[in-house]
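Numbering (our numbering), first residue to last: 0 to 212.
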């Protein structure tokens with residue numbers, strides 16, 4: 000369905016508030032900026048800010064909703080004959096090879112990371128988002144394999160696959176914080192992905208293989 004005028008205006012307002020907040024956070028740090036200051040800079044009321052973003056942390060991680068289910072979506076969309084772990088490895092390789100901003104391979108990402116590192120509230124929220132990602136992946140694996148409610152294997156496999164994602168994210172972060180160019184970091188992380196795959200057991204690499212349609 001085509002986006003209506005009301006929905007488009009709401010989306011644009013939300014994005015505008017988020018962009019204003021991000022600029023202030025990058026300039027002054029997360030803890031130094033108040034919601035009232037964000038509202039003033041965006042020329043909206045404080046209540047309007049909270050209508051779009053229930054918590055201050057949501058202003059910083061404003062795109063998290065599309066990220067926490069990413070691994071689950073990759074697993075659900077895997078090819079015939081492909082396992083859950085190999086699907087995630089393939090998708091990650093594609094994004095790293097493309098030097099995609101979605102994995103942090105973009106100039107300025109180091110500033111984003113420094114804001115997180117300096118704010119305990121953001122570090123705590125990041126941990127929560129990582130847990131949400133693992134929970135969503137576990138649910139997908141449980142559904143895809145038909146595992147019983149008490150079967151611990153989907154949870155264990157989700158942990159292994161999320162470790163892969165977190166290891167890549169950490170490597171990208173280290174490279175960007177060191178002032179490296181995105182393309183250079185990309186090449187190094189592609190090598191790391193090969194090393195990671197070598198470390199994974201055959202049980203992990205062959206779990207939840209999609210059968211032929």
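Ideal placement from N, C-alpha and C gives every residue a C-beta, glycine not left out.
Computed from a prediction, not measured in an experiment: that's the story for all the values here.
In this structure, residue 154 sits near residue 137, with a CB-CB distance shorter than 8 Å. For the 8 Å CB-CB criterion, residue 54 and residue 45 do not form a contact. In its chain, beyond the 5 residues on either side, 29, 30 have a beta carbon closer than 6 Å to the beta carbon of residue 118. Just so you know, the alpha carbons of residue 196 and residue 170 end up roughly 15 Å apart.
Cβ-Cβ distances below 6 Å link residue 141 to 153 in the same chain, with the five nearest sequence neighbours on each side left out; the list follows chain order. Rounded to whole angstroms, the separation of the alpha carbons of residue 106 and residue 181 is 7 Å.
DSSP places residue 46 inside the alpha helix (DSSP H), whose first and last residues are 45-51.
For residue 21, the enclosing alpha helix (DSSP H) begins and ends at 4-27. Residue 104: not part of any alpha helix (DSSP H); DSSP gives it neither H nor E. Cβ-Cβ distances below 8 Å link residue 86 to 73, 74, 76, 77, 78 in the same chain, with the five nearest sequence neighbours on each side left out; the list follows chain order.
In this structure, residue 24 sits near residue 114, with a CB-CB distance shorter than 8 Å. Counting other Cβ atoms within 10 Å of its Cβ, residue 124 reaches 16 or more and is therefore classed as buried. Rounded to whole angstroms, the gap between the alpha carbons of residue 188 and residue 49 is 38 Å. The continuous alpha helix (DSSP H) containing residue 197 extends over residues 181-198.
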